[in-house]
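Okay, structure first, notes after.
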Amino acid sequence: MSKNRDLFNKHLLHPWGNLPELGEDESISVIVKGEGAYIYDEEGNKLLDGPAGMWCMQTGYGRKEIADAIAKQVMELGYATSFTVTNPVEAELAQRIASQTPGDLNRIFFTTGGSTAVDSALRLCQLANNIKGQPQRKHILTREKAYHGSTFLGASVTGKERDKSAMDVYQDYVHFLSVPCQYHHPDFDSEADFCDFLIQELEDKIAELGPENVMCMIAEPVLGSGGVVVPPADYNRRCCETVQKHGIYYIADEVVTAFGRLGHWFASEKVFNTSPDIITFAKGITSGYVPLGGYAVSDKFMEAISGDNAKGRIYSNGYTWSGAPVPCAAALASWDIIENEKILDNVHEVGPYFQEQLRTLKDIPLVGDVRGIGMMAAVEMTLQGHTGSREDLLAKDYAIGAMVDDYCHQFGLLVRPFINVCIMSPPLILTKAQVDDLVLAMRKALELTLNDLR
Ligand code: PLP
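Just add 302 to wherever you are in the sequence shown, counting from 1, and you've got the working numbering.
See the structure below:
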């Protein structure tokens, strides 16, 4: 075994680590280098990075501009605390973000990543209702299969069964609506009918709880790690308008969809015609080079709880690294690259080709659904038509994504398997030739997996 694998087995606990195999995983990939859209493992294999790290390497690996910006900032001002002072880098980044958010979402709060952004946004809603004399507004609406992070609150509003079943969560005030995925709701004749059902379900849930008791709805515009679910047309806008009409806040969790993944700095307004009260972001803001997240909140929201309206309260929430200059400098450098290299245009050009080419995989009997938008997509495998005991099929179903992923490795591609789904969110610099490589590797991997299952 390699030294790195040995050390991993002795000392590391990874996110979503497989506990039955703790300390005994001899196949973990050791990644040692990245360049453009590729990563290299310690055996020298070159892999196209299908998930772009974890939905985050927007501008690709090995960006000297980001390295230089970080180094310069370290030497100029390595740290400053936003608890007591401000710095020019966080100020400029906040101004740039505000210039791209919808409506009057002009107030920016920085965190250390996506979970802390979600946590902070939810706590801001609690604070606002307490200040406004509506402390009974506690209920939170979210969806099955949503992923919103690993803090206590973030995990509580996450709808992935396996994630939330293992540890305790804040249950009494959290309500899960249906995942807006038509592939999993085949009973509806049309997308419009399905959307009407989802909105009715939302209205019914609000009525059941009492609108005056509901704090917010939190929703990813496109569910990411829940399987890249692109909701029916108009669903996001209708959800937002439905809750806001009852004085309920709408939080768009754009941790994945912001910073170019759907071809815009933020997707809420430009892609989904939605005007949230709060947008959370993280990941792609620094192209994944250093941790940074945050939220943008509307001026209207803040006016209601500041000045004389604050009733003397403070905003008692923050992190040592909130607005720290080094991550903010990395974010500005990544932003400049996206602008200078017209990377949003690349997403508009290569994104549709990526989606179209991936859909050619539907002719493989193992493929149940291919879905996605912009630079995010999922291939969902199905064992329909296969015979065997329920247990056997279930076991295979759980393994199927990992089987496809293993074969993809052999053909130079990394995908992110989750049960029976392979998720892709490549770097935004992807070329059409790289799309062709990716789809060919997927095709070969799917065909070999199908063969193994026969
Ligand atoms: N929200 C969404 C939509 C995410 O996809 C994620 C992470 O995948 C998070 C929040 C949590 O972000 P982080 O892992 O940076 O804490």
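Cβ coordinates follow ideal geometry from the N, Cα and C atoms, glycine included.
From a predicted model like this one, the values you see are computed outputs, not experimental measurements.
Run of the beta strand (DSSP E) containing residue i, from where it starts to where it stops
i: M359; result: Neither: M359 is in no beta strand (DSSP E) and is coded neither H nor E.
i: Y552; result: 551-555
i: D370; result: No beta strand (DSSP E) contains D370, which is instead part of the alpha helix (DSSP H) from 366-378.
i: K348; result: 348-351
i: D489; result: Careful: D489 lies outside any beta strand (DSSP E) and carries neither H nor E.
i: L730; result: Neither: L730 is in no beta strand (DSSP E) and is coded neither H nor E.
i: R615; result: First-last for R615: undefined, no H or E at that position.
Those residues which DSSP pairs with residue i across a bridge
i: R540; result: Per DSSP, none; premise fails for R540.
i: P719; result: C724
i: R409; result: V599
i: M678; result: I675
i: A521; result: A554
i: V669; result: M683
i: T383; result: For T383, which the question treats as bridged, DSSP gives no partner whatsoever.
i: Y829; result: With the chain represented from 303 up to 756, any question about residue 829 goes unanswered, as that position is not in the structure.
i: F758; result: Because the chain here runs from 303 to 756, residue 758 falls outside it and cannot be looked at.
i: R398; result: DSSP output for R398 lists no bridge partner at all.
i: F478; result: T444
i: V516; result: H441
i: V391; result: V391 is not bridged to any residue.
i: V531; result: L525
Run of the alpha helix (DSSP H) containing residue i, from where it starts to where it stops
i: I501; result: 493-511
i: V737; result: 734-755
i: T418; result: 416-433
i: Y655; result: 645-661
i: E571; result: Per DSSP, E571 belongs to no alpha helix (DSSP H) and is neither H nor E.
i: A457; result: 454-458
i: V471; result: Unbroken run through V471: none, as it is neither H nor E.
i: D638; result: 627-642
i: F713; result: Per DSSP, F713 belongs to no alpha helix (DSSP H) and is neither H nor E.
i: R307; result: 305-313
Reference residue i, options the options, closest by Cα
i: A635; options: R409, R365, L350, R445; result: R365
i: L379; options: G595, G590, C630, M677; result: C630
i: N275; options: G352, Y709, I702, L443; result: Because the chain in this structure spans residues 303 to 756, residue 275 falls outside the shown range and cannot be described.
i: L263; options: A569, D708, M726; result: Residue 263 lies beyond the range of the chain shown here (303 to 756); nothing can be said about it.
i: P534; options: M517, F496, Q502, L564; result: F496
i: I508; options: E493, N538, T544, H486; result: T544
i: A612; options: A468, L426, D489; result: L426
i: R307; options: T684, G596, G435, E345; result: E345
i: E641; options: N575, P627, I731; result: I731
i: A679; options: T588, K462, G528; result: G528
i: G260; options: W357, V717, V681; result: The displayed coordinates of the chain run from 303 to 756. Any statement about residue 260 would go beyond what the structure contains.
i: A743; options: A626, D671, L685, T662; result: T662
i: P437; options: Y475, A448, S467; result: Y475
i: W318; options: D638, S452, S577; result: S452
i: S331; options: P322, V573, K348; result: K348
i: V628; options: N389, L309, K305, Y472; result: N389
i: A598; options: L668, D638, A396, E463; result: A396
i: I587; options: A632, A626, L504, I550; result: A632
Contact test: residue i Cβ vs the ligand NAP heavy atom, cutoff 6 Å
i: A743; result: This structure lacks the ligand NAP; the ligands present are the ligand PLP.
inquiry  = Count Cβ pairs between the segment 396-414 and the segment 522-540 that sit closer than 8 Å; are there 3 or more?
reply    = The segment 396-414 vs the segment 522-540: no contact.
- Should the segment 579-589 be called in touch with the segment 551-566, which here means at least 3 C-beta pairs below 8 Å? As far as the Cβ criterion goes, the segment 579-589 touches the segment 551-566, which means the pair count is three or higher.
request  = Taking 8 Å as the threshold, find out whether the segment 453-461 comes into contact with the segment 643-659 through three or more Cβ pairs.
outcome  = The segment 453-461 is not in contact with the segment 643-659.
inquiry  = Assess contact between the segment 704-714 and the segment 735-747, defined as three or more Cβ pairs (one per stretch) separated by less than 8 Å. Is contact present?
reply    = Contact check between the segment 704-714 and the segment 735-747: three or more CB pairs, one atom from each, fall below 8 Å, which counts as touching.
| query | Should the segment 596-608 be regarded as contacting the segment 365-377, the criterion being three or more beta carbon pairs within less than 8 Å? | reply | Using a Cβ-Cβ distance cut-off of 8 Å, the segment 596-608 and the segment 365-377 are not in contact, since fewer than three pairs of beta carbons, one from each stretch, lie closer than that value.
- Do three or more CB pairs link the segment 665-677 to the segment 556-570 at distances below 8 Å? Yes, they touch.
**OP:** Take every Cβ of the segment 726-745, pair it with every Cβ of the segment 567-580, and state whether three or more of those distances are shorter than 8 Å.
**Re:** Not touching, per the Cβ criterion.
Check: At a cut of 8 Å, does the segment 647-656 reach the segment 497-506 through at least three beta carbon pairs?
Finding: Taking 8 Å as the limit for Cβ pairs, the verdict is that the segment 497-506 does not touch the segment 647-656.
- Task: Indicate whether the contact test is met: 3 or more Cβ pairs, each with one atom in the segment 350-365 and one in the segment 319-339, closer than 8 Å.
- Result: Counting C-beta pairs with one atom in each stretch, the segment 350-365 and the segment 319-339 have three or more that are closer than 8 Å, which means they touch.
### Query
With contact counted as at least three CB pairs below 8 Å, one residue from each stretch, are the segment 428-442 and the segment 513-521 in contact?
When Cβ pairs closer than 8 Å are counted between the two stretches, the segment 428-442 is seen to touch the segment 513-521, the count reaching three or more.
| Using 8 Å as the threshold, is the segment 654-670 in touch with the segment 613-623, meaning 3 or more CB pairs across them? | No: fewer than three Cβ pairs fall under 8 Å.
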